[in-house]
Amino acid sequence: MKKKLIELLEKSVNACLKKGTLKEMDIPFIEVELPREGAHGDWASNIAMVLAKGQREAPRKIAERIIDNINDSDEILDKIEVAGPGFINFFIKTSAWAALLEEVDELGDRYGESNIGKGSKVQVEFVSANPTGPLHIGHARGAVIGDVIAGILQASGFSVSREYYINDAGNQMNMLGESVYYRYLELMGEKVSFPETCYQGEYIAELARQIHDSFGDKFRSDKEGAIPFMTQYAAGSILEGIKEDLETLGVVFDRYFSENELYKNDDVAKILQRLQKEGFIYEEGGTLWFKTTDFGDEKDRVVVRENGEPTYFAGDIAYHLNKYARGFDRVINVWGADHHGYIPRMQACIQALGRKKEDLGVVLVQLVNLLRGGVPVPMSTRAGKFVTIREVTDEVGRDAARYNFLMRRSNSHLDFDLEIAKAQSSENPVYYVQYAHARICSIMRNAVEQGYRIPAYGDIRLDLLTATEEHELIKIIDTFPEIVEGSAQALEPHRIPYYINDLASVFHSFYNKHKVVSDNAELTTARLFLIKAAGIVIRNALKLLGVSAPERM
RNA sequence: GGGCGAUUAGCUCAGAUGGAUAGAGCGUUGGCCUCCGAAGCCAAAGGCCCUGGGUUCGAGUCCCAGAUCGCCCA
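No gaps in the numbering here: position 498 of the first sequence is 1256 in this note's numbering, and each next residue is one more.
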C-alpha cells in the first residue's frame, strides 16, 4: 500500500513539474508513513514540507496542488486532505484494504519475501571462533544474529552463503596441543606444572583421557611427535562439538573455511607480493607494513613480523581476496564489538584489492551479560569457567534462546537472564507472540468443529471488516514486507521481533473486542480470513528468526 | 593520550533517511473469563529524550563542545 501511495505522489509531482506549477528541482525521496493519530488518516506524507524550501512557497499551497494532480485510477482512496503544517493525509477505502489480505493468502509462506537483492551473491561470515574450546554464551548471540541476517537477506532475494572461518594457523593451536599433552602426562602420573598460558578447561583433560584410552602411553616420551598430533586431534574434536552445539541452536553453515588452506596454497605469500608490487606494502626495520593510512586508517599495520611470521591481518587479507574471488558481490562480517578497531584496516584492505568500501559490511555484536534471576553468572575464559552454548540451549530451549538474542539491537549490550528466558510466563516475550499464533490456530480449529471451512481468497465479504481493530490488524499485516526489506537493508534483525510483538498485540486487542466465530456466517468467514492472514504473517516472521510457531502450547 | 559505541519512564530497551500530543515489555495501581485459549485485554500513574550551544518552518534524531559509562589501540 505504501508503495502505491508513493507512486501516486511521484506521478502527481511530475505532473506538476510538467505543467509548471512546481519549479524544476531535484525531487527528494518521497516518504509516506503511518501517523500515530487515527484522525491523521491511514497514511501521511510530508513531501510538501520537504519541497517547500526549494520552491520558496508555503507547504500547504504545494500540498493542495499535489492533491489536485493525484490520479487515483485504482480507486483506493476514500479521501485526501492537507493538514497541520502541510501534511498530506490519505484515507484508504475499506475495499482496498481487503484486497491486501487476499495477497497475503495467495502468497502464503512467501508473503514478506522480496527481490531487492536481485540475486546478487552475499556471504555472511560469523562465529568464526578458534577451535580451542567450546562456544560460550557470547558466541551464541553472534551465531544467531549472523544466521538471521543471512535468512533475512535470502528472503529479500540475495543469494546467500553462511561461512565459518577457522583461525587454525596461529600459535594458539600449538598451545592447544601442548595443553592436551600436559594433561596427558598427568594421566600417567607425571608431575607437571601446568603452565598458566595453557587452556585450563575441563574439556582439555577429557581430550587427554580419550587419547590415552586409544593410544596408551605411545606419546609419553615423544613430545615432538605428540604435539602436532594432539593439536589436530583436539581441534578436530572441538570443532565437531562446536558444530553440534550450533546445530542445537538451529545454526547451520554452508562452509567451514580453514585458515590453513590459505597457507597451503601459498595464497598469503602471493597476495603480499602482489600488494607490495602495487605499492601498498613497504618494508621498514625488517617488518612489512600495509599502508592502510592511504585509505583512512589511523596508522599503518604490520603484515609480516621481523621473524618472518605473517600476522593475523595477513591471513585476513588473503581470506578476503579469496572471498571476492569466489564471486561474492558483498561480504558481511559479524564480529564481536571488541573488534571494532579492525574495521578501518579491513576496509583499507578490500579497497587495495580493488573493491568498493561498501562491498564489506560489518555488524558488531556487543557483549552478553549472563544473569540468573538478576544476579550475574561469573565467567572467566582463562580459568575455563564459562557457560557454553549447549548449557544455555538445553536449559531455556532453542526458541527462547534465539528470540532473546534477537530482541536487542546487536550493537547494544544484552542482559540474558536464564530465569526469564526459561520462564513460561508473560515475562518471557517469546511466549507472547507464540501464544498469539496458537490462539489463532485454536480459533480456526473451533470454527472447523462448528462446520466452517477455512476460507481461501476469492468470494469473501471482506467489506464487512470495518471495525477499527480490524482496520489496524490489516494495516500492520500490510507493512510486513517493508519491515523485512528495511531489516535486510540495514542488517538489523531486531526489527523483526519488534514487529511481531506489535502484530501480536494488535491481534490480541482485536480478539478481545470481537468474536471471530459468531452466528453471522458471512462475518465469521471474513474474520476467519483475517486471522488466517495474521497467522501466516506471524509464522513467516518467526520462521525468519528460526523460532517455531506452535499450533498448541 | 587517540579512536569507537552508549546515555530515552522505577528497571530492560525500541524509536532508519529530521515531522503532528516521544513508545513497548517488566514492575506499580484499578478493572475484564456463564462467552472462540486470562501465557490475553482495557485503563491509570510514571519523561529536562545526559548537559550546553548551533543548523531550520520543525531536533530524541543532524553539527560543535562538555559530562558519565563501556570497549579498542599505544
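All C-beta atoms, glycine included, are put in the ideal place defined by N, C-alpha and C.
Closest Cα partner of Asn1204 within the set Asp1152, Phe1144 and Ser1276: Here residue 1204 refers to the residue found at position 446 when the first sequence is read from its first residue. Looking from the CA of Asn1204, the closest CA among Asp1152, Phe1144 and Ser1276 belongs to Ser1276.
At a cut-off of 7 Å, would you count Asp830 as near the ligand GDP, judging by its Cβ distance to the nearest heavy atom? Ligands are entirely absent from the displayed structure, and the ligand GDP is therefore not among its contents.
Between the Cα of Gln1124 and those of Met1104, Val790, Gly896 and Glu921, spot the shortest distance and give me the residue it belongs to. On the first sequence, residue 1124 is found 366 positions in, with the first residue counted as 1. The shortest Cα separation from Gln1124 among Met1104, Val790, Gly896 and Glu921 belongs to Gly896.
Environment of His1171 [buried if 16+ CB atoms lie within 10 Å]: For the purposes of this step, residue 1171 is taken as residue 413 along the first sequence, with counting starting at 1. Under this definition His1171 is an exposed residue.
Closest by C-alpha distance to Gly891, when choosing among Tyr957, Val1206 and Gln881: In the first sequence, residue 891 corresponds to position 133, counting from 1. Nearest Cα to Gly891 within the set Tyr957, Val1206 and Gln881: Tyr957.
What's the gap between the Cα of Ile820 and the Cα of Asp836? Within the first sequence, the letter at position 62 stands for residue 820. Within the first sequence, the letter at position 78 stands for residue 836. Roughly 21 Å between the two C-alpha positions.
Rounded to a whole number of angstroms, what is the C-alpha to C-alpha distance between Met759 and Leu1007? Here residue 759 refers to the residue found at position 1 when the first sequence is read from its first residue. Here residue 1007 refers to the residue found at position 249 when the first sequence is read from its first residue. So the alpha carbons of these two residues sit roughly 36 Å apart.
First through last residue of the alpha helix (DSSP H) which encompasses Gly1073: For this step, residue 1073 is matched to residue 315 along the first sequence. Note, Gly1073: alpha helix (DSSP H), Tyr1070 to Ala1083.
Should Lys1081 be labelled buried (16 or more other beta-carbon atoms within 10 Å of its own) or exposed? Here residue 1081 refers to the residue found at position 323 of the first sequence. By the 10 Å Cβ count, Lys1081 comes out buried.
Buried/exposed call for Gly900, threshold 16 Cβ in 10 Å: By one-based count along the first sequence, residue 900 stands at place 142. With 16 or more other Cβ atoms within 10 Å, it is buried.
Which residues bound the beta strand (DSSP E) around Arg920? For the purposes of this step, residue 920 is taken as residue 162 along the first sequence, with counting starting at 1. For Arg920, the enclosing beta strand (DSSP E) stretches over residues Ser917 to Ile924.
Between the alpha carbons of Tyr1100 and Ala1083, how many angstroms are there, rounded? On the first sequence, position 342 is the one that residue 1100 refers to. On the first sequence, position 325 is the one that residue 1083 refers to. Roughly 22 Å separates the two Cα atoms.
Rounded distance between the beta-carbons of Lys1180 and Val1154, thought under 8 Å: The residue you call residue 1154 lines up with position 396 of the first sequence. The residue you call residue 1180 lines up with position 422 of the first sequence. Contact flag correct, Cβ pair sits at about 4 Å.
I'd like to check one pair, Pro889 with Ala993: are the Cβ atoms closer than 8 Å? For this step, residue 993 is matched to residue 235 along the first sequence. For this step, residue 889 is matched to residue 131 along the first sequence. Pro889 sits close to Ala993, with the two beta carbons spaced by under 8 Å.
In whole angstroms, what separates the C-alpha of Asp1003 from that of Gln1031? Taking the first residue of the first sequence as position 1, residue 1003 is located at position 245. Taking the first residue of the first sequence as position 1, residue 1031 is located at position 273. Asp1003 and Gln1031: Cα-Cα distance of roughly 40 Å.
Quick one: what does DSSP say Ala802 is sitting in, helix, strand or coil? By 1-based counting over the first sequence, the position of residue 802 is 44. Strand.
Anticipated Cβ contact below 8 Å, Asp1055 with Pro1102, distance rounded: Walking along the first sequence from the start, residue 1055 turns up at place 297. Walking along the first sequence from the start, residue 1102 turns up at place 344. In this structure, Asp1055 and Pro1102 form a Cβ contact; the two beta carbons are roughly 4 Å apart against a cut-off of 8 Å.
Using the Cβ count rule (16 or more neighbours within 10 Å means buried), how would you classify Ile1235? Here residue 1235 refers to the residue found at position 477 of the first sequence. Buried, since its Cβ has 16 or more Cβ neighbours within 10 Å.
Under the DSSP definition of a beta bridge, which residues are partnered with Trp1047? What you label residue 1047 is simply residue 289 of the first sequence in a count that begins at 1. Per the DSSP secondary-structure output, Trp1047 pairs in a beta bridge with Tyr1040 and Val1060.
For Asp980, the three-state DSSP class (helix, strand or coil): Counting from one through the first sequence, the residue named residue 980 turns up at place 222. Correct three-state label for Asp980: coil.
Where are the beta strand (DSSP E) runs, 3 residues long or more, that stay fully inside the region 831-862, in chain order? Runs found: 835-841 and 845-850.
Could you give the distance in angstroms between the alpha-carbon of Leu1303 and the alpha-carbon of Asn932? For the purposes of this step, residue 1303 is taken as the residue at position 545 of the first sequence. For the purposes of this step, residue 932 is taken as the residue at position 174 of the first sequence. Straight-line Cα distance between these residues: approximately 38 Å.
DSSP beta-bridge partners of Gly1119: The count along the first sequence starts at 1 and reaches residue 1119 at position 361. Its beta-bridge partners are Ile1090.
Just list the residues that DSSP pairs Leu934 with in beta bridges. What you label residue 934 is simply residue 176 of the first sequence in a count that begins at 1. Secondary-structure assignment with DSSP links Leu934 through no beta bridge to anything.
Can you give me the Cβ contacts of Glu789 inside the same chain, cut-off strictly under 6 Å, excluding the 5 residues immediately before and after it? Position 31 of the first sequence holds residue 789. Hits under 6 Å: none found.
Am I right that Val1305 and Tyr869 are in contact with their C-beta atoms under 8 Å? What's the rounded C-beta distance? Taking the first residue of the first sequence as position 1, residue 1305 is located at position 547. Taking the first residue of the first sequence as position 1, residue 869 is located at position 111. Contact doesn't hold; Cβ gap of about 17 Å is too wide.
Can you tell me where the alpha helix (DSSP H) with Ser1260 in it begins and where it stops? Counting from one through the first sequence, the residue named residue 1260 turns up at place 502. Inspection of the sequence shows that residue 1260 is occupied by Asp rather than by Ser. Note, Asp1260: alpha helix (DSSP H), Arg1253 to Lys1271.
Counting along the chain, where does the beta strand (DSSP E) carrying Leu1128 start and finish? Taking the first residue of the first sequence as 1, we reach residue 1128 at position 370. For Leu1128, the uninterrupted beta strand (DSSP E) run begins and ends at Val1126 to Arg1130, by DSSP.
In chain order, what are the residue ranges of uninterrupted beta strand (DSSP E) at least 3 long that sit wholly in the region 986-1044? The region 986-1044 is shown to contain whole beta strand (DSSP E) runs of 3 or more residues at 1013-1016 and 1039-1042, in chain order.
Whole angstroms is fine: what's the gap from Leu1261's alpha carbon to Gln968's? Taking the first residue of the first sequence as position 1, residue 1261 is located at position 503. Taking the first residue of the first sequence as position 1, residue 968 is located at position 210. Whole-angstrom Cα-Cα distance: 52 Å.
Within this structure, are the beta carbons of Ser914 and Val1145 separated by less than 8 Å? One-based indexing of the first sequence puts residue 914 at position 156. One-based indexing of the first sequence puts residue 1145 at position 387. Against a cut-off of 8 Å, the Cβ pair of Val1145 and Ser914 comes out as no contact.
Return the CA-CA distance between Asp832 and Ser1183, expressed in angstroms with no decimal places. Indexing the first sequence from 1 puts residue 832 at position 74. Indexing the first sequence from 1 puts residue 1183 at position 425. Roughly 46 Å separates the two Cα atoms.
Reference Ala797; option with closest CA among Leu766, Ala841 and Leu809: In the first sequence, the residue the question calls residue 797 occupies position 39. If you compare the alpha carbons of Leu766, Ala841 and Leu809 with that of Ala797, the shortest gap goes to Ala841.
Cutting at 8 Å between CB atoms, please list the residues of its own chain near Asn1127, excluding the five before and the five after it. Residue 1127 sits at position 369 when you count from the first residue of the first sequence. Non-local C-beta neighbours of Asn1127 in its own chain, meaning closer than 8 Å and more than five positions away in sequence, comprise Pro1134, His1171, Leu1172, Asp1173 and Phe1174, ordered along the chain.
When we look at the beta-carbon of Asn1169 and count the other beta-carbons within 10 Å, is it buried (16 or more) or exposed? To locate residue 1169, count along the first sequence from 1; it is residue 411. Asn1169 is exposed by the Cβ-count criterion.
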